[in-house]
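Some notes on the structure that comes next.
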Amino acid sequence: RYLGYPLSSAKRQLEAFLADTLEKIRRHTNILQARKLSIRGASLVANSLLLSRLWHLLRVVTVPDKWRQLIHRFVTPFWPFPSWNTICLRRHQGGLNVVHVHHQQLALQLIYVQRMARPPSANDFCTPIASDLIHYYSGTTGWINISSAHGTIKRLVKHLPCLSTICSLYAKLPTAPSDGDHVSWSLQLTSTQTCKVTEARPSDLRFTLHPDHHWVLSPLSLHNEYPLAGAYQVEHGGSSGKLSYHTGPLRYGGGYYKTASQQKNEFTSDL
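Residues 573 to 843 (my numbering) make up the sequence shown, in order.
See below:
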């Protein structure tokens with residue numbers, strides 16, 4: 573072990589480590605069951621004392637589905653015959669607000685997908701390997717093909733648990749638009765300005781990770797004059813107003829524009 577994580581070179585070594593962890597959870601569960609806690613108290617204990625022992629492990633280790641199901645069995649006997657999905661619902665939805673183990677694992681391992689969207693780091697040697705494997709199995713370094721052909725790709729990587737988890741994460745991300753989709757742009761203009769706008773295809777843009785941890789679209793490259801210069805010119809007069817350019821039902825944003833005063837600004841909109 574190293575920092576609480578198993579250093580295994582064979583499947584049996586990992587199974588032995590997970591079996592030992594499972595036995596510790598089982599013993600702790602038996603002790604807590606003897607206290608005859610209420611429903612609200614049992615859900616609090618499950619989150620704070622039982623499941624919390626797994627988050628450090630699940631941040632790195634991809635566990636089998638059967639192992640997670642055994643964890644579910646240890647937690648659910650606190651209540652009379654609930655389903656796992658029911659107890660994981662919020663309280664105002666009739667659940668007990670117990671943390672969903674699989675969803676929490678995906679949330680903890682989302683950092684690996686975020687690293688693939690950022691510029692490569694010289695100190696990170698794992699991300700290039702994962703990116704090459706995804707490119708090998710899916711034919712793309714992005715999540716467009718992974719989302720559309722998730723079932724096929726997951727069958728190819730079923731013997732690689734870590735890569736299978738990354739594919740599951742890609743499948744849960746917002747679907748990227750294709751070249752046949754249309755774009756809607758919206759700018760806020762605060763003075764009398766002239767702005768040149770042209771139709772942009774989704775392939776001219778790329779997803780980037782915003783510092784506030786959400787995805788935005790930005791151009792692949794910037795041009796010296798008009799990054800969006802082209803066939804359409806719109807003049808707007810008045811003290812304030814809104815310039816809008818719409819070519820289809822799909823709405824997403826992120827790009828650059830330059831006004832007549834030659835002042836370049838960046839704008840983004842929610843996906």
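C-beta atoms are modelled at their ideal positions from N, C-alpha and C, and glycine is treated no differently.
None of these values were measured; they are calculated from a predicted model.
Cβ distance (whole Å) where residue i is taken to contact residue j below 8 Å
| i | j | result |
| --- | --- | --- |
| VAL673 | ILE659 | At roughly 12 Å, the Cβ-Cβ gap does not stay under 8 Å, so VAL673 and ILE659 are not in contact. |
| LEU678 | LEU741 | 6 Å |
| ILE603 | LEU622 | Going by Cβ atoms, the distance from ILE603 to LEU622 rounds to 11 Å, so no, they are not a contact pair. |
| ALA702 | LEU735 | 7 Å |
| PRO526 | PRO691 | No answer is possible for residue 526: the residues shown for the chain start at 573 and end at 843. |
CA nearest to the CA of residue i, picked from the options
| i | options | result |
| --- | --- | --- |
| LEU642 | LEU590, ASN695, ALA743 | LEU590 |
| LEU594 | LEU604, LEU626, SER620, ARG607 | LEU626 |
| GLN681 | GLU587, HIS731, VAL635 | VAL635 |
| HIS662 | THR648, SER624, SER615 | According to the sequence shown, residue 662 is Arg rather than His. Taking only the C-alpha atoms, the option nearest ARG662 is SER615. |
| TYR574 | GLU587, VAL633, LEU609, HIS600 | VAL633 |
| LEU629 | PRO691, ALA743, TYR577 | TYR577 |
| ARG631 | ALA689, ALA743, CYS698, ILE683 | ILE683 |
| ALA689 | SER624, GLN585, ILE738, LYS638 | ILE738 |
| LYS744 | VAL685, PRO692, CYS698 | VAL685 |
| HIS675 | LEU732, ASP637, ARG584 | ASP637 |
| ILE611 | LEU579, SER580, PRO654 | PRO654 |
| SER620 | VAL647, ALA606, TRP639 | VAL647 |
| ASP592 | TRP639, ARG645, PHE697 | TRP639 |
| ARG645 | LEU609, THR601, VAL617 | THR601 |
DSSP bridge partner residues for residue i (one or two, in chain order)
| i | result |
| --- | --- |
| TYR577 | TYR574 |
Residue i, DSSP secondary structure in three states
| i | result |
| --- | --- |
| GLY666 | coil |
| VAL671 | coil |
| ASP696 | coil |
| GLN681 | coil |
| LYS583 | helix |
| HIS628 | helix |
| TYR817 | In this prediction, TYR817 has a pLDDT of 35, which is less than 50 and means its spatial position is unreliable; nothing more can be read from the coordinates. |
| ILE659 | helix |
| SER610 | coil |
| ALA588 | helix |
| THR593 | helix |
| THR737 | helix |
| THR648 | helix |
| VAL617 | helix |
| LEU623 | helix |
| ARG690 | coil |
| HIS707 | helix |
| LEU642 | helix |
| THR601 | helix |
| THR840 | Since pLDDT at THR840 reaches only 35, below the 50 mark, its modelled position is unreliable, and the value read off the structure follows with that caveat. Three-state result, THR840: coil. |
| GLY809 | Caution applies to GLY809, whose pLDDT of 39 falls short of 50 and renders its modelled position unreliable; the value that the coordinates give is listed next. Reduced to three states, the DSSP call for GLY809 is coil. |
| GLY827 | Note on GLY827: pLDDT 35, under 50, position unreliable in the model; the coordinate value appears next. Strand, per DSSP. |
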